[in-house]
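Be aware that the sequence shown starts at -19, since it is given in this note's numbering, and climbs by one per residue. The beta carbon of each residue, even a glycine, is placed where N, CA and C say it ideally should be. Nothing here was measured: the structure is a model prediction, and the numbers come from that model. Below you'll find the structure, written out as C-alpha coordinates, and then a few comments.
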Amino acid sequence: MRRSTILTLICLVAVLVFGYLYRPDLARDYLGIKAPARSAEQAMLFANEELFAVATKLADAEAAYGIDDGQLAVAMNAQGTTSKDAVALDSIQDTVATGDQIIALIDQTLKDVERAESLVKSSDSLSPNGKSLMFKNREMCKQALESYAALLDTMLGARISEAGVFPTLKKIQSTLDKIKSVADQNIRVRDRD
(Lines of atoms letter the chains of each structure in order from A and count residues from 1; the text may use other names and numbers.)
(Lines give C-alpha, C1' and ligand atoms only; values in the text may rest on other atoms or scores of the structure.)
Protein backbone atom coordinates (compact mmCIF):
# COMPACT_ATOMS: atom_id res chain seq x y z
CA MET A 1 0.00 0.00 0.00
CA ARG A 2 1.04 3.54 -0.48
CA ARG A 3 2.22 5.61 2.43
CA SER A 4 -0.62 8.10 2.03
CA THR A 5 -3.21 5.31 2.29
CA ILE A 6 -1.58 3.94 5.43
CA LEU A 7 -1.37 7.41 6.94
CA THR A 8 -5.03 8.03 6.13
CA LEU A 9 -6.04 4.76 7.78
CA ILE A 10 -3.99 5.58 10.87
CA CYS A 11 -5.66 9.00 11.09
CA LEU A 12 -9.10 7.44 10.68
CA VAL A 13 -8.45 4.90 13.45
CA ALA A 14 -7.12 7.68 15.69
CA VAL A 15 -10.27 9.74 15.11
CA LEU A 16 -12.47 6.72 15.91
CA VAL A 17 -10.56 5.95 19.11
CA PHE A 18 -10.56 9.61 20.17
CA GLY A 19 -14.28 9.88 19.47
CA TYR A 20 -15.06 6.70 21.36
CA LEU A 21 -13.00 7.60 24.42
CA TYR A 22 -13.27 11.38 24.63
CA ARG A 23 -16.40 12.42 22.73
CA PRO A 24 -18.97 9.65 23.12
CA ASP A 25 -21.73 12.08 22.17
CA LEU A 26 -20.19 12.60 18.73
CA ALA A 27 -19.45 8.89 18.37
CA ARG A 28 -23.12 8.14 19.02
CA ASP A 29 -24.48 10.89 16.79
CA TYR A 30 -22.22 10.59 13.76
CA LEU A 31 -20.65 7.13 13.89
CA GLY A 32 -23.50 5.13 15.37
CA ILE A 33 -21.19 3.67 18.03
CA LYS A 34 -22.74 3.29 21.49
CA ALA A 35 -19.76 4.70 23.37
CA PRO A 36 -20.01 4.86 27.19
CA ALA A 37 -20.63 8.25 28.78
CA ARG A 38 -17.73 10.10 30.38
CA SER A 39 -19.78 11.74 33.13
CA ALA A 40 -22.97 11.05 35.05
CA GLU A 41 -24.60 14.06 33.41
CA GLN A 42 -23.73 12.77 29.95
CA ALA A 43 -25.07 9.31 30.84
CA MET A 44 -28.29 10.95 32.02
CA LEU A 45 -28.48 12.87 28.74
CA PHE A 46 -28.04 9.69 26.70
CA ALA A 47 -30.67 7.91 28.82
CA ASN A 48 -32.97 10.93 28.43
CA GLU A 49 -32.79 10.76 24.64
CA GLU A 50 -33.49 7.03 24.64
CA LEU A 51 -36.29 7.20 27.20
CA PHE A 52 -37.88 10.02 25.23
CA ALA A 53 -37.83 7.84 22.11
CA VAL A 54 -39.28 4.86 24.02
CA ALA A 55 -42.01 6.93 25.69
CA THR A 56 -42.91 8.59 22.39
CA LYS A 57 -43.08 5.31 20.47
CA LEU A 58 -45.18 3.65 23.17
CA ALA A 59 -47.50 6.68 23.41
CA ASP A 60 -47.91 6.69 19.61
CA ALA A 61 -48.79 3.00 19.70
CA GLU A 62 -51.20 3.58 22.57
CA ALA A 63 -52.89 6.37 20.62
CA ALA A 64 -53.12 4.20 17.51
CA TYR A 65 -54.69 1.36 19.46
CA GLY A 66 -57.01 3.81 21.24
CA ILE A 67 -59.32 4.31 18.27
CA ASP A 68 -62.80 5.16 19.58
CA ASP A 69 -65.40 2.42 19.33
CA GLY A 70 -67.36 3.96 16.44
CA GLN A 71 -64.29 4.35 14.23
CA LEU A 72 -63.07 0.91 15.27
CA ALA A 73 -66.34 -0.78 14.28
CA VAL A 74 -66.33 0.93 10.87
CA ALA A 75 -62.70 -0.01 10.25
CA MET A 76 -63.27 -3.61 11.37
CA ASN A 77 -66.29 -3.97 9.05
CA ALA A 78 -64.35 -2.45 6.15
CA GLN A 79 -61.50 -4.92 6.63
CA GLY A 80 -63.77 -7.85 7.44
CA THR A 81 -61.96 -8.58 10.69
CA THR A 82 -62.91 -8.78 14.34
CA SER A 83 -59.42 -8.04 15.60
CA LYS A 84 -58.57 -4.65 17.05
CA ASP A 85 -54.91 -5.52 16.43
CA ALA A 86 -55.40 -5.82 12.67
CA VAL A 87 -56.97 -2.38 12.44
CA ALA A 88 -54.49 -0.69 14.75
CA LEU A 89 -51.50 -2.36 13.13
CA ASP A 90 -52.38 -0.79 9.80
CA SER A 91 -52.54 2.66 11.38
CA ILE A 92 -49.30 2.38 13.36
CA GLN A 93 -47.16 0.47 10.87
CA ASP A 94 -45.47 3.59 9.46
CA THR A 95 -45.24 5.71 12.60
CA VAL A 96 -44.37 3.33 15.44
CA ALA A 97 -41.14 1.40 15.78
CA THR A 98 -41.29 -2.35 15.92
CA GLY A 99 -41.05 -4.13 19.22
CA ASP A 100 -37.41 -4.99 18.50
CA GLN A 101 -36.50 -1.31 18.20
CA ILE A 102 -38.28 -0.50 21.45
CA ILE A 103 -36.51 -3.38 23.19
CA ALA A 104 -33.11 -2.23 21.89
CA LEU A 105 -33.75 1.33 23.08
CA ILE A 106 -34.79 0.14 26.54
CA ASP A 107 -31.72 -2.10 26.85
CA GLN A 108 -29.42 0.78 25.88
CA THR A 109 -31.23 3.06 28.35
CA LEU A 110 -30.59 0.56 31.13
CA LYS A 111 -26.87 0.50 30.29
CA ASP A 112 -26.70 4.31 30.34
CA VAL A 113 -28.60 4.59 33.62
CA GLU A 114 -26.36 1.97 35.24
CA ARG A 115 -23.31 3.88 33.94
CA ALA A 116 -24.71 7.07 35.49
CA GLU A 117 -25.22 5.24 38.79
CA SER A 118 -21.63 4.00 38.88
CA LEU A 119 -20.32 7.49 38.02
CA VAL A 120 -22.47 9.16 40.69
CA LYS A 121 -21.30 6.66 43.30
CA SER A 122 -17.65 7.31 42.44
CA SER A 123 -17.92 11.10 42.25
CA ASP A 124 -18.99 13.72 44.74
CA SER A 125 -22.38 14.67 43.35
CA LEU A 126 -24.61 15.15 40.36
CA SER A 127 -24.59 18.54 38.65
CA PRO A 128 -27.79 20.63 38.67
CA ASN A 129 -28.32 19.83 34.99
CA GLY A 130 -27.77 16.15 35.74
CA LYS A 131 -30.39 16.30 38.52
CA SER A 132 -32.84 17.94 36.15
CA LEU A 133 -32.23 15.18 33.60
CA MET A 134 -32.65 12.56 36.32
CA PHE A 135 -36.09 13.92 37.25
CA LYS A 136 -37.09 14.08 33.57
CA ASN A 137 -35.91 10.50 33.11
CA ARG A 138 -37.93 9.33 36.11
CA GLU A 139 -41.05 11.02 34.72
CA MET A 140 -40.53 9.56 31.23
CA CYS A 141 -39.97 6.11 32.70
CA LYS A 142 -43.33 6.41 34.51
CA GLN A 143 -45.00 7.45 31.26
CA ALA A 144 -43.43 4.52 29.42
CA LEU A 145 -44.67 2.12 32.12
CA GLU A 146 -48.21 3.56 31.84
CA SER A 147 -48.20 3.20 28.04
CA TYR A 148 -46.80 -0.31 28.36
CA ALA A 149 -49.64 -1.26 30.74
CA ALA A 150 -52.20 0.13 28.29
CA LEU A 151 -50.70 -1.93 25.44
CA LEU A 152 -50.62 -5.28 27.26
CA ASP A 153 -53.66 -6.73 25.46
CA THR A 154 -52.31 -5.89 21.99
CA MET A 155 -49.90 -7.67 19.65
CA LEU A 156 -47.23 -5.02 20.20
CA GLY A 157 -47.68 -5.32 23.97
CA ALA A 158 -47.36 -9.09 23.80
CA ARG A 159 -44.24 -8.84 21.66
CA ILE A 160 -42.41 -6.43 23.97
CA SER A 161 -43.72 -8.26 27.02
CA GLU A 162 -42.09 -11.51 25.86
CA ALA A 163 -38.74 -9.72 25.74
CA GLY A 164 -39.00 -8.65 29.38
CA VAL A 165 -39.59 -4.95 28.85
CA PHE A 166 -41.55 -4.51 32.09
CA PRO A 167 -38.78 -5.79 34.40
CA THR A 168 -36.23 -3.73 32.47
CA LEU A 169 -38.30 -0.55 32.80
CA LYS A 170 -38.77 -1.29 36.51
CA LYS A 171 -35.00 -1.76 36.85
CA ILE A 172 -34.40 1.58 35.10
CA GLN A 173 -36.85 3.22 37.48
CA SER A 174 -35.22 1.68 40.58
CA THR A 175 -31.74 2.65 39.34
CA LEU A 176 -32.89 6.24 38.85
CA ASP A 177 -34.27 6.17 42.41
CA LYS A 178 -30.89 4.90 43.66
CA ILE A 179 -29.11 7.70 41.79
CA LYS A 180 -31.44 10.23 43.42
CA SER A 181 -30.78 8.86 46.90
CA VAL A 182 -26.99 8.74 46.36
CA ALA A 183 -26.97 12.29 44.97
CA ASP A 184 -29.09 13.52 47.90
CA GLN A 185 -26.83 11.73 50.38
CA ASN A 186 -23.73 13.30 48.80
CA ILE A 187 -25.31 16.75 49.15
CA ARG A 188 -26.09 16.15 52.84
CA VAL A 189 -22.54 14.95 53.54
CA ARG A 190 -21.05 17.93 51.72
CA ASP A 191 -23.33 20.36 53.59
CA ARG A 192 -22.22 18.95 56.96
CA ASP A 193 -18.57 19.56 56.07
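Notebook entry, point to check: Which residue from Leu149, Ile(-14), Ala17 and Ser(-16) puts its Cα closest to that of Asp87?
Noted result: Leu149
Next item on the list: Over the uninterrupted alpha helix (DSSP H) stretch that includes Asp40, give me the two end residues.
Entry: Ala20 to Tyr45
Next item on the list: Report the rounded CA-to-CA distance for Ser141 versus Ile83, giving the unit in angstroms.
Entry: 10 angstroms
Notebook entry, point to check: What's the C-alpha gap between Ala96 and Arg(-17)?
Noted result: 43 angstroms
Item checked: 6 angstroms Cβ shell around Ala39 - same chain, five flanking residues per side excluded -> Ser127
Next item on the list: Please report how far the alpha carbon of Lys91 lies from the alpha carbon of Ala20, in whole angstroms.
Entry: 12 angstroms
Notebook entry, point to check: Is the beta carbon of Val93 less than 8 angstroms from the beta carbon of Ile152?
Noted result: yes
Check: With 16 as the cutoff for other CB atoms within 10 Å, does Thr155 come out buried or exposed?
Finding: buried
Check: So the alpha helix (DSSP H) Lys118 belongs to, where does it begin and stop?
Finding: A small fix is needed here, since residue 118 is Arg in this sequence, not Lys. That run of the alpha helix (DSSP H) goes Pro108 to Ala130.
Next item on the list: Give a yes or no on contact between the region 21 to 37 and the region 111 to 120, applying the rule of three or more CB pairs nearer than 8 angstroms.
Entry: yes
Next item on the list: Throw me the rounded Cβ distance for the Glu30 and Leu85 pair, which I believe falls under 8 angstroms.
Entry: 5 angstroms
Notebook entry, point to check: When we look at the beta-carbon of Thr89 and count the other beta-carbons within 10 Å, is it buried (16 or more) or exposed?
Noted result: buried
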